[in-house]
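One structure is given below, encoded as structure tokens.
In our numbering, the protein residues as written are 50 to 192.
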């Protein structure tokens with residue numbers, strides 16, 4: 050199978066990416082593009098963030114020591130296209146971009162508890178347990 054082209058995201062991809070995130074956490078509220086447009090535009094202008102996408106039927110898919118490092122978060126595939134190598138392709142392209150940019154490490158953050166997801170990451174060289182990741186969201190701030 051030939052994978053679709055992988056490219057950097059564009060401003061126009063926002064609506065499709067918001068729809069795609071419904072496949073990551075179906076219970077999360079769907080943000081309105083107007084509410085996220087300013088943040089998205091800022092990310093698109095940044096030289097420090099790269100978001101990679103593929104296009105399947107015009108639906109964008111994301112899949113952005115010392116020195117620079119890269120962070121990959123929320124690798125997600127549309128349910129109808131899982132198991133076709135898209136996630137692996139996006140991850141390889143992201144790793145290539147990070148190494149080309151001189152990053153000394155790449156960190157991957159996932160909320161998935163699916164063992165097959167972890168095995169995919171490990172097959173690409175990621176290892177579990179290197180560091181502990183903590184998260185706090187603005188709606189969870191202590192009073």
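Glycine included, each C-beta is placed from N, C-alpha and C at the ideal position.
Using the C-alpha atoms, what's the distance from residue j back to residue i?
i, j, result
"residue 54", "residue 142", "10 Å"
"residue 140", "residue 148", "12 Å"
"residue 136", "residue 82", "24 Å"
"residue 155", "residue 134", "20 Å"
"residue 96", "residue 150", "11 Å"
"residue 187", "residue 125", "23 Å"
"residue 77", "residue 58", "22 Å"
"residue 179", "residue 168", "16 Å"
"residue 144", "residue 171", "13 Å"
"residue 74", "residue 164", "17 Å"
"residue 138", "residue 183", "27 Å"
"residue 90", "residue 69", "18 Å"
"residue 153", "residue 146", "12 Å"
"residue 72", "residue 192", "32 Å"
Could you check if residue i is buried or exposed, using at least 16 other CB atoms within 10 Å of its CB as the buried criterion?
i, result
"residue 119", "buried"
"residue 190", "exposed"
"residue 103", "buried"
"residue 158", "exposed"
"residue 60", "exposed"
"residue 185", "exposed"
With DSSP run on the structure shown, which of helix, strand or coil describes residue i?
i, result
"residue 98", "coil"
"residue 103", "strand"
"residue 157", "strand"
"residue 80", "coil"
"residue 141", "helix"
"residue 186", "coil"
"residue 56", "strand"
"residue 85", "helix"
"residue 91", "helix"
"residue 75", "coil"
"residue 178", "coil"
"residue 151", "coil"
"residue 192", "coil"
Determine the extent of the beta strand (DSSP E) in which residue i is found, giving its start and end residues.
i, result
"residue 119", "119-122"
Assuming residue i is part of the alpha helix (DSSP H), what are its boundary residues?
i, result
"residue 168", "164-172"
"residue 65", "63-69"
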